[in-house]
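Going by full-length UniProt numbering, the first residue of the sequence shown is number 1, and it counts up by one from there.
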Amino acid sequence: MIGYDDIGGVHIKYLYHCRRQLWLYTRGFRPEHLNDSVAAGSAMHDTSYSRFAPIDLGAARLDHLDGQAWVHEAKNSRTASDADHAQARHYCHQVRRIGVDVQGAIVHYRPTKRTVRHPYTDDEHTQAEHDIQAALDVITADQAPSRLARSRCFGCAYSDYCWNA
1 MIGYDDIGGV HIKYLYHCRR QLWLYTRGFR PEHLNDSVAA GSAMHDTSYS
51 RFAPIDLGAA RLDHLDGQAW VHEAKNSRTA SDADHAQARH YCHQVRRIGV
101 DVQGAIVHYR PTKRTVRHPY TDDEHTQAEH DIQAALDVIT ADQAPSRLAR
151 SRCFGCAYSD YCWNA
């Protein structure tokens with residue numbers, strides 16, 4: 001099963017977005033390729049942020065780390081979310097684990113051309129550690145967490161499974 005070092009940004013994003021989604025994802029259920037929103041996000045990454053040099057840290061793949069040790073993450077959404085912040089915080093945590101004194105994360109929202117800075121503080125580090133443990137707790141549960149209210153599932157690639165099963 002998955003361990004501490006295997007937790008990536010997608011796991012943390014799903015932890016904040018929908019714990020059921022996280023549980024299903026780690027069991028190999030991955031309908032993202034069938035979802036138009038996911039396809040649009042992938043296309044946005046390929047065309048709009050080509051100047052970014054992706055960094056593969058094993059379980060985590062961040063969009064870019066600049067010369068001032070700021071992690072950059074590009075999003076195709078119009079508004080910031082707790083999941084975006086948590087994912088960026090996790091990338092900072094992973095970069096710090098390999099010995100880089102990361103300053104924080106800058107999340108780029110392409111549709112609005114807006115950026116949000118999240119300095120990586122001691123409190124952020126503590127929260128990143130907590131998030132990893134919370135993700136592991138969800139992943140190792142014997143049963144899937146309850147589904148969210150249907151209104152929160154709009155556009156989710158997993159909604160057919162959750163609501164038609």
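Where is the CB? At the ideal position from N, CA and C, for every residue including glycine.
Nothing here was measured: the structure is a model prediction, and the numbers come from that model.
The three-state secondary structure of leucine 22, taken from DSSP, is helix. Straight-line spacing of the CA atoms in alanine 53 and threonine 140 works out to 33 Å. Going by DSSP, threonine 115 is part of the beta strand (DSSP E) stretching over 114–119. When DSSP reads this structure, histidine 108 sits in a beta bridge with Ala74, Thr115. Non-local beta-carbon contacts of aspartate 101 in its own chain, meaning distances under 7 Å to residues more than five positions away in sequence, involve Ala69 in chain order. Nearest C-alpha to arginine 152 among Cys162, Ala144, Gln143: Cys162. Judged by pairs of C-beta atoms under 8 Å, the segment 105–114 does not touch the segment 132–149, as fewer than three such pairs exist. When secondary structure is reduced to three states using DSSP, aspartate 56 falls in the strand class. Boundaries of the alpha helix (DSSP H) around valine 95: 82–97. Within the same chain, Val138, Pro145 come within 8 Å of arginine 19 by CB-CB distance, once the 5 residues on both sides are set aside. Residue pairing by DSSP places histidine 64 opposite His72 in a beta bridge.
Under a 10 Å Cβ-count criterion, tyrosine 14 is classified as buried, with 16 or more other Cβ atoms of the shown protein chains found around its own Cβ.
A distance below 8 Å between beta-carbons, with the five flanking residues on each side excluded, links isoleucine 98 to the following residues of its chain, in chain order: Leu57.
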